[in-house]
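A.B. asks: Reading the sequence shown from the start, the letters are residues 4 to 489 in the numbering used here. Cβ atoms here follow ideal geometry from the backbone N, Cα and C, with glycine treated the same way.
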Amino acid sequence: MTPRGNAGYSSEMKRSLYAATLCIASILSGGAIRADSPEIDRFVLGNGLEVLACRDDATPLARVRVVFKAGAENLEAESAGSLSLLERLVLRGLSASVDERASGPLEWKGYATAESIGFGAVVPSSELDGALASLASVLASPPMDALEEAKEAAALAVRASASDPDAIYEAAVTRRLFSKYPWRRDSAGSEKSIRAATAESLAPIASAYLAPGNAALIVSGRFDPAALRSSVAQRFAGWKDAPAARRTVPAHPKPGVTRPTWLVYPDPSMPEGKGSVELRYRGPDIARDGAASLAADLWSGLVADPNGRFKSAIFKEVPKLSAKDGISAGYVSQREGGTISVSALFEIDPALPAAERARAFKERVRGFELTEMRSDPSYYSQQEYEAARSRLAARRDEEADDPEGRIEALAFWWSAASTDYYLGYPSAIAAAGPKDIASFIDAYVMKNLEVIAIRMNPTDYGRERASLSSSGFETITAANAFWWPK
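1. With DSSP run on the structure shown, which of helix, strand or coil describes isoleucine 455?
2. Could you tell me how far apart the beta carbons of leucine 213 and leucine 142 are, in whole angstroms, since I believe they sit closer than 8 Å?
3. Can you give me the Cβ contacts of alanine 165 inside the same chain, cut-off strictly under 6 Å, excluding the 5 residues immediately before and after it?
4. Who are the near neighbours of valine 306 in its chain, counting only those whose CB is closer than 6 Å to its CB and skipping five residues on each side?
5. Tell me the DSSP secondary structure of glycine 123 in three-state form.
6. Provide the residue span of the beta strand (DSSP E) that contains alanine 347, from first to last.
7. Determine the extent of the beta strand (DSSP E) in which proline 287 is found, giving its start and end residues.
8. Rounded to the nearest angstrom, how far is the Cβ of arginine 285 from that of leucine 180, given a contact under 8 Å?
9. Assign leucine 413 to buried or exposed, taking buried as 16 or more other Cβ atoms, counted over all protein chains shown, within 10 Å of its Cβ.
10. Under 8 Å by Cβ, that's how I've got tyrosine 334 and tryptophan 302 pegged, so tell me the actual separation to the nearest angstrom.
11. Within this structure, are the beta carbons of phenylalanine 239 and alanine 65 separated by less than 7 Å?
12. Let me make sure I understand the geometry here. Which of Ala299, Glu130, Ala191 has the alpha-carbon closest to that of alanine 446?
13. With a threshold of 16 other CB atoms inside 10 Å of the CB of asparagine 460, please say whether the residue is buried or exposed.
14. Using a 10 Å radius around the Cβ and a threshold of 16 neighbouring Cβ atoms, would you call glutamine 491 buried or exposed?
15. For alanine 433, collect the residues of the same chain with a Cβ closer than 7 Å to its Cβ; drop the 5 residues on either side in sequence, then sort them by chain order.
16. Quick check: proline 3 and glycine 49, are their CB atoms within less than 7 Å of each other?
17. Quick check: the Cα distance between glycine 74 and glycine 427, rounded to an integer number of angstroms?
18. Report the three-state DSSP secondary structure of isoleucine 2 (helix, strand or coil).
19. Return the CA-CA distance between tryptophan 265 and valine 454, expressed in angstroms with no decimal places.
20. Do the region 307-326 and the region 88-96 meet, that is, are 3 or more Cβ pairs less than 8 Å apart?
21. From the DSSP secondary-structure annotation, give me the bridge partner or partners of glutamate 53.
22. In chain order, which continuous runs of the beta strand (DSSP E) of length 3 or greater are located wholly inside the region 236-270?
23. Note down the Cα distance separating valine 125 from glutamate 407, rounded to an integer number of angstroms.
24. In three-state DSSP terms, what is tyrosine 184?
25. So serine 296 is in the alpha helix (DSSP H); what residue range does that whole segment cover?
26. I'd like to know whether the C-beta atoms of alanine 134 and valine 67 end up nearer to each other than 7 Å.
27. Going by the C-beta, is glycine 475 closer than 6 Å to any heavy atom of the ligand HEM?
28. With a 10 Å radius around its C-beta and 16 neighbouring C-beta atoms as the bar for buried, classify alanine 469 as buried or exposed.
29. Starting from phenylalanine 71, follow its DSSP beta bridges and name the residues at the other end.
30. With a cut-off of 8 Å on the beta carbons, I'd call isoleucine 208 and glycine 84 a contact; round off their distance for me.
31. Leaving out five residues on either side along the sequence, give the residues of the same chain with a beta carbon under 7 Å from the beta carbon of arginine 249.
32. I need the DSSP call for arginine 58, collapsed to helix, strand or coil.
33. How would you write the range of the alpha helix (DSSP H) that glycine 113 sits in, first residue to last?
34. Give every residue of the same chain whose Cβ lies closer than 8 Å to the Cβ of alanine 200, excluding the five residues on either side of it in the sequence, and list them in chain order.
35. Counting along the chain, where does the alpha helix (DSSP H) carrying serine 128 start and finish?
36. Under the DSSP definition of a beta bridge, which residues are partnered with proline 158?
Written out as structure tokens, the structure is:
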């Protein structure tokens with residue numbers, strides 16, 4: 004999570020453009036607790052609140068986090084951004100309700116994404132009960148007195164995105180890949196929907212989604228288990244659930260586009276003489292296709308090998324790519340809205356127009372390498388499968404050894420799938436193999452359609468504009484990138 008000033012986490016846990024980071028994010032989020040990691044005590048209150056308590060006496064601190072299966076995914080276009088506004092309001096309430104017994108300032112942090120909202124803090128173990136009291140009080144009745152201030156800050160963030168090259172590019176690709184419900188992939192909302200929000204419009208959203216039956220409370224660190232159970236029951240038992248108010252959302256369609264969609268973005272942040280090309284597919288959703296999501300994670304571990312067949316063949320066969328380590332591939336696992344990405348950096352060359360480069364890249368990746376990977380079980384050897392699993396395991400080990408990483412993983416996987424999915428991950432990955440990879444590629448590449456996007460400096464774009472236009476590329480601008488009208 005990326006800090007937003009000193010107030011807390013970013014309102015959108017930003018994914019990097021390049022699939023190298025996408026792959027790493029998938030591997031990191033794909034972690035599960037090792038056998039030698041602290042044990043999880045799981046229990047559920049009568050109101051539906053799931054509690055995950057992970058004791059670790061190696062630290063004098065306790066980490067507390069509440070996470071909700073709620074985000075832009077749950078909203079209509081008219082209410083887009085409402086849960087992010089509630090995140091700001093809850094954070095303000097938490098900051099104002101620091102327990103008087105606290106030995107120092109308690110910094111609450113939060114985040115709001117397309118699929119989840121979370122709030123957390125790190126406290127001395129002796130002050131855990133006070134932190135839980137503050138959390139329970141504010142969540143039961145989010146304060147609305149600072150709504151206008153929150154709306155101003157949220158609107159400012161939306162306006163700023165229109166001048167951020169990464170945000171423009173990401174919005175353009177997302178808008179096309181999730182064109183039926185694009186606002187559901189955008190936690191920030193539109194300035195129009197933010198300005199229209201009122202205390203009356205936010206109250207039912209808060210009641211439905213910031214609710215105990217839609218939440219997990221995660222506590223990690225040093226605490227007395229019996230005292231924690233007592234504190235949680237005392238503080239949260241009176242919090243009312245509203246399950247009837249939560250709606251079931253339809254899946255984003257697959258394919259995400261009705262034809263291969265070609266985009267070019269004249270990006271002022273790209274150095275002159277350099278470009279990037281990306282294939283992005285609508286990928287598996289954990290909530291709807293957990294088996295394919297597992298296979299996609301394993302696939303990410305396989306294609307991450309810088310010296311493996313996949314990257315080596317692409318670098319060899321597609322002219323003027325910048326470097327083998329500039330080729331990236333990976334899957335971003337999500338409850339609703341998974342994506343697959345393969346990208347590469349390339350050198351601008353007048354003798355090889357960018358449009359031709361993009362087509363050659365697509366043909367090599369989809370028409371050759373992924374086709375072979377699907378049909379040939381020996382595309383990767385057993386040793387390479389074991390190495391991929393080892394890479395995934397190494398990331399899991401790093402995560403399990405880090406107190407913050409452990410609670411992040413628990414929060415992510417609880418909101419994206421379930422605690423059982425999380426705990427069963429190692430054995431599930433160990434059981435996955437070539438047939439699962441082939442099935443995943445068949446369903447999410449061969450029977451799917453992609454967005455093909457180029458980023459290049461505006462000067463380079465100017466030289467190739469006619470060629471790109473005649474080749475069917477749509478030019479991305481700040482005016483047409485976002486789902487909301489300017």
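C.D. replies: In brief:
1. Note: isoleucine 455 maps to strand in three-state DSSP.
2. About 6 Å; that satisfies the 8 Å criterion.
3. Hits under 6 Å: Ala481.
4. In its chain, beyond the 5 residues on either side, Phe313, Ala332 have a beta carbon closer than 6 Å to the beta carbon of valine 306.
5. It is a strand residue.
6. Judged by DSSP secondary structure, alanine 347 falls within the beta strand (DSSP E) whose first and last residues are 342-350.
7. For proline 287, no beta strand (DSSP E) run applies, since DSSP gives it neither H nor E.
8. Between leucine 180 and arginine 285 the Cβ distance is about 6 Å, and since that is below 8 Å, they are a contact.
9. By the beta-carbon neighbour count (other beta carbons within 10 angstroms, threshold 16), leucine 413 is buried.
10. A Cβ-Cβ distance of about 7 Å is found for the pair tyrosine 334 and tryptophan 302, placing them in contact under the 8 Å criterion.
11. No; because the gap between Cβ atoms is not below 7 Å, this pair is not in contact.
12. Distances from the alpha-carbon of alanine 446 to those of Ala299, Glu130, Ala191 put Ala299 closest.
13. Buried is the call here.
14. With the chain covering 4 to 489 only, the question about residue 491 has no answer from this structure.
15. Arg392, listed in sequence order.
16. Lying before the first or after the last residue shown, residue 3 is absent from the chain, which here runs from 4 to 489.
17. Taking the straight line from one Cα to the other gives about 25 Å.
18. Only positions 4 to 489 of the chain appear in this structure, which leaves residue 2 out of reach.
19. Rounded to the nearest whole angstrom, the CA to CA distance from tryptophan 265 to valine 454 is 6 Å.
20. Verdict: no, contact absent.
21. Among the bridge pairs identified by DSSP, glutamate 53 is matched with Val47, Ala219.
22. The beta strand (DSSP E) runs lying completely inside the region 236-270 and spanning 3 residues or more are 264-269, given in chain order.
23. Each residue's alpha carbon lies about 9 Å from the other.
24. In the three-state reduction of the DSSP assignment, tyrosine 184 falls in the coil class.
25. For serine 296, the uninterrupted alpha helix (DSSP H) segment begins and ends at 293-306.
26. Yes, Cβ-Cβ distance for alanine 134 and valine 67 is below 7 Å.
27. Of the ligands one can find in the structure shown there are none, so the ligand HEM has no counterpart to examine.
28. By the 10 Å Cβ count, alanine 469 comes out exposed.
29. For phenylalanine 71, which the question treats as bridged, DSSP gives the partners Ile120, Ala218.
30. About 11 Å; that fails the 8 Å criterion.
31. Here the set comprises Ala211, Tyr212, Asn217.
32. Three-state DSSP puts arginine 58 in a strand.
33. Element bounds for glycine 113: not the alpha helix (DSSP H) but the beta strand (DSSP E), 112-115.
34. Closer than 8 Å at the Cβ level, and outside the excluded window around alanine 200, lie Ser82, Gly84, Ser85, Leu88, Leu150, Lys154.
35. No alpha helix (DSSP H) contains serine 128, which DSSP labels as neither H nor E.
36. Before going further, note that residue 158 is alanine rather than proline in the sequence given. The partner list for alanine 158 (beta bridge, DSSP) is empty, contrary to what the question assumes.
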